[in-house]
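Anchor point for the first sequence: position 174 equals 224 in the working numbering, and the numbering is continuous, going up by one each time. Note that the Cβ used here is the ideal one computed from N, Cα and C, for glycine as well. What follows is one structure encoded as structure tokens, with my remarks underneath.
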Amino acid sequence: MSNLEFQSPKGTHDVLPLDHQYHTYIKKAVRHRARQAGFKRIDPPMFEERALFERGIGDHTDVVEKELFTVSKKGADDKDNRDYALRPEFTAGICRAYIEHAMDQLPQPVELYSIGPCFRYDRPQKGRYRQFHQFNFEVIGLSDASLDAQLILMTWKILSDLQIMGRLRLQINNIGTAENRKEYVAALKDYFIGKERNLPELDQKRLETNPLRLLDSKEEDTQILLKRAPTLDQFLSDESKKYHASLLEYLDALDITYEENPLLVRGLDYYNQTVFEYWDKSTGAQNAVGGGGRYDSLIETLGGKSTPGIGFAGGIERIIWHMKESGVEAPNKDQVDVFVAQLGPEAKKKCLVLVNELRELGIHTVGALGEASLKSQMRLADRFQARYALLLGQMEVKEGTIILKDMVAGKQKAMKFEKAIPEIVKLIGEDNLDTYSIKDKLGKYADPGI
RNA sequence: GCGAGUGUAGCUCAGGGGUUAGAGCAUCCGGUUGUGGUCCGGAGGGUCGUGGGUUCGAAACCCAUCACUCGCCCCA
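Shown next as structure tokens:
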């Protein structure tokens with residue numbers, strides 16, 4: 051429908067109940083793996099000062115130059131003349147928080163994770179939206195190849211938990227320091243002097259604005275020319291090479307299969323040393339479901355003291371796409387256990403109480419409390435895919451009984467009204483009741499008695 | 001920012017200058033006293049995305065516009 055007065059803004063989507071099954075499932079996997087590894091959750095604000103992103107991510111990157119979703123401040127009191135922007139990713143905001151809350155006073159490394167929406171103002175298409183969801187990890191305060199390996203392992207585990215790792219391949223590279231890259235870019239430009247005319251128009255432009263982007267160009271002519279061009283690893287310091295070698299050693303020890311990709315460069319300026327991405331096996335980089343890397347100078351750039359860090363971001367919508375493609379289903383936690391049907395005013399009153407009691411016990415219960423015919427009520431029960439139905443009519447009220455129907459088997463039996471609840475609990479199983487207690491798990495450790 | 005395609009019922013789509021615009025699915029009701037999924041019957045639901053033009057006549061043809069989708073760039 052496109053003649054509605056209002057619809058969701060371009061590039062945004064309602065996360066409908068069916069999508070939420072996936073979102074919930076993914077969040078659960080993320081939280082689970084994050085807690086296992088000692089990560090703590092942080093939620094930076096959804097918007098920050100625009101300058102934070104410009105300085106952190108780099109003002110000549112596409113993410114900042116072209117895709118920043120700026121916030122206009124109508125109705126503000128206007129003493130504030132700063133510009134704001136919706137976060138295009140998490141890292142800049144989290145590093146800002148690290149500095150602001152003096153997290154360098156905490157034991158290092160500080161491990162933080164986030165889950166939530168991010169925003170980029172570009173033309174939407176498959177797997178690319180103006181509002182999308184990411185989960186994100188940051189390990190700040192220490193630089194060691196083993197930390198890189200651990201972070202990669204955690205992301206690998208999550209993608210495996212979600213049963214899509216088989217569709218992906220892990221790409222890894224070391225891009226050295228900013229100085230290494232500056233020298234390399236100079237050499238690359240140098241190499242292409244006199245060869246510009248052989249480059250496709252798009253790549254001529256890249257040579258000007260972002261020469262590293264030439265490396266993963268899809269243009270055949272460019273790739274041919276690149277074969278004789280200097281490569282980035284020739285400009286890496288021995289230290290970077292050693293760092294990379296030990297990372298690969300750790301990954302081997304952890305049985306992680308990766309592809310070394312000397313052409314992998316990421317689009318954000320803050321990265322150095324280790325970079326990695328998970329690519330779609332069939333279509334390649336365009337549909338990366340996640341990526342990350344080390345950013346050892348970002349915090350200093352943002353005004354903190356020199357502090358190394360490494361991070362990763364995964365795209366939830368892209369992961370869901372892969373799950374759906376390969377038939378991975380997310381469990382439905384909203385399954386209706388019991389549908390309660392009633393006939394007559396007395397029955398209705400009793401049902402109202404019964405429904406409440408069932409719910410209190412943690413049984414997902416839906417009741418038809420309208421005046422519809424029993425036939426309509428049973429249709430409803432069927433449409434809700436309720437596993438069991440309880441039927442209470444005038445006759446049952448008189449006799450003090452109730453009918454329990456198994457909606458799958460299609461069989462039913464009458465029983466004492468009081469027996470209904472224990473019977474249902476037995477059928478569903480105590481373990482499957484949807485209960486919670488805010489009191490539980492305040493302390494989970496036993497005294498070893500040493 | 002650049003390029004292409006598509007807009008007809010809640011969904012998937014058919015129709016293609018000529019009375020009151022169709023199907024399947026979905027929804028709601030019914031097929032005798034109070035029983036769902038299959039079957040049968042019925043009902044509700046559409047400014048044919050919007051605006052303009054051509055025409056005796058436009059949902060159809062033309063133009064513009066908006067929206068969505070898909071590429072490119074780039075990224076999750």
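Secondary structure of Arg-137, DSSP reduced to three states: The answer is coil: DSSP assigns Arg-137 none of H, G, I, E or B.
Beta carbon of Arg-170 nearer than 7 angstroms to that of Glu-117: A contact, by the Cβ cut-off of 7 angstroms.
Check whether Tyr-308 and Tyr-345 have beta carbons under 7 angstroms apart: No; because the gap between Cβ atoms is not below 7 angstroms, this pair is not in contact.
Straight-line gap, Val-113 to Leu-477 (C-alpha atoms, nearest Å): In a straight line, the C-alpha of Val-113 is about 54 angstroms away from that of Leu-477.
Own chain partners of Glu-98 with C-beta closer than 8 angstroms, once the 5 adjacent residues on each side are dropped: These residues qualify, in order along the chain: Tyr-134, Ala-135, Arg-137, Ala-142, Gly-143 and Arg-146.
Sequence-distant residues of the same chain with beta carbon closer than 7 angstroms to Gly-317, five excluded per side: The residues are Thr-111, Asp-112 and Val-113.
Burial state of Leu-402, where buried means 16 or more other Cβ atoms lie within 10 Å: By the neighbour-count rule (16 or more Cβ atoms within 10 Å), Leu-402 is not buried but exposed.
Cα-Cα separation between Leu-352 and Glu-480, rounded to whole angstroms: Between the alpha carbons of Leu-352 and Glu-480 lies a gap of roughly 53 angstroms.
Sequence-distant residues of the same chain with beta carbon closer than 7 angstroms to Thr-451, five excluded per side: Closer than 7 angstroms at Cβ, skipping near neighbours: Ala-464, Met-465, Lys-466 and Phe-467.
Three-pair Cβ contact test at 8 angstroms for the segment 56-75 versus the segment 278-285: Contact between the segment 56-75 and the segment 278-285 is not established, with fewer than three Cβ pairs separated by less than 8 angstroms.
Of the listed residues Leu-411, Ala-380 and Lys-291, nearest to Leu-212 (C-alpha basis): The shortest C-alpha to C-alpha distance from Leu-212 to any of Leu-411, Ala-380 and Lys-291 is the one to Ala-380.
Residues near Val-121 by beta carbon distance below 7 angstroms, same chain, minus five either side: Cβ neighbours of Val-121 beyond the five flanking positions: Phe-97, Tyr-134, Ala-135 and Leu-136.
Identity of the residue in Leu-411, Leu-430 and Arg-256 nearest Ala-418 by Cα: The residue among Leu-411, Leu-430 and Arg-256 with its C-alpha nearest the C-alpha of Ala-418 is Leu-430.
Cβ neighbour criterion (16 or more within 10 Å) applied to Pro-358: With 16 or more other Cβ atoms within 10 Å, it is buried.
Neighbourhood of Leu-192 by C-beta, 6 angstroms cutoff - its chain only, sequence neighbours within 5 removed: In its chain, beyond the 5 residues on either side, Gln-158 and Pro-159 have a beta carbon closer than 6 angstroms to the beta carbon of Leu-192.
Range covered by the beta strand (DSSP E) that runs through Asn-406: Asn-406 -> not in any beta strand (DSSP E); alpha helix (DSSP H) instead, spanning 395-410.
Met-465 - partner residues in DSSP beta bridges: Residue pairing by DSSP places Met-465 opposite Ile-452 in a beta bridge.
Status (buried if at least 16 other CB within 10 Å, exposed otherwise) for Glu-188: When all chains shown are included, Glu-188 counts as buried.
Nearest candidate by alpha-carbon position, reference Lys-207, set Arg-173, Ser-287 and Leu-304: Measuring from the Cα of Lys-207, the nearest candidate turns out to be Leu-304.
As assigned by DSSP and simplified to three states, the class of Lys-90: In the structure shown, Lys-90 sits in a strand (DSSP, three-state: E or B).
Member of Pro-95, Phe-89, Leu-54 and Gly-106 whose CA lies at the smallest distance from the CA of Ser-347: The residue from Pro-95, Phe-89, Leu-54 and Gly-106 with its alpha-carbon nearest to that of Ser-347 is Gly-106.
Alpha-carbon to alpha-carbon, Val-378 and Lys-232: The straight-line gap separating the alpha-carbon atoms of Lys-232 and Val-378 is approximately 44 angstroms.
Beta-carbon separation (whole angstroms), Gln-221 vs Asn-311, contact threshold 8 angstroms: The C-beta separation of Gln-221 from Asn-311 comes to about 4 angstroms, placing the pair in contact by the 8 angstroms criterion.
Contact check, Gln-444 vs Ile-453, beta carbons under 7 angstroms: Contact: no.
Element boundaries [alpha helix (DSSP H), containing Gly-106]: Under the DSSP assignment, Gly-106 falls in the alpha helix (DSSP H) whose first and last residues are 100-107.
Simplified DSSP state of Leu-430, which is helix, strand or coil: Here Leu-430 carries a helix assignment [DSSP, helix/strand/coil].
Backbone secondary structure at His-82 - three-state DSSP: Looking at His-82 - three-state DSSP - the assignment turns out to be helix.
Supposed close pair Pro-167, Phe-182 - CB separation, criterion 8 angstroms: Contact check for Pro-167 and Phe-182: beta-carbon distance about 7 angstroms, within the 8 angstroms limit, so the pair qualifies.
Helix, strand or coil at Asn-260 according to DSSP, with G and I counted as helix: Note: Asn-260 maps to coil in three-state DSSP.
Length-filtered (3 minimum) beta strand (DSSP E) runs lying within the segment 348-380: Complete beta strand (DSSP E) runs here, min 3: 359-365.
Nearest-angstrom beta carbon gap, Phe-362 and Thr-205 [assumed within contact, 8 angstroms]: With a beta-carbon spacing of about 5 angstroms, Thr-205 and Phe-362 fall inside the 8 angstroms limit used to define contacts.
Bridge partners - Glu-310, DSSP secondary structure assignment: Its beta-bridge partners are Ile-222.
Residue from Ile-149, Arg-100 and Ala-84 whose Cα sits closest to the Cα of Lys-355: Of Ile-149, Arg-100 and Ala-84, the residue nearest in Cα terms is Ile-149.
Nearest candidate by alpha-carbon position, reference Ala-87, set Val-475, Gln-200, Ile-306 and Pro-95: With distances taken between Cα atoms, Ala-87 lies closest to Gln-200.
DSSP-derived helix/strand/coil call for Ile-471: In this structure, Ile-471 counts as helix in the three-state DSSP scheme.
Cα-Cα separation, Ala-152 to Gly-216: C-alpha separation (whole angstroms): 41 angstroms.
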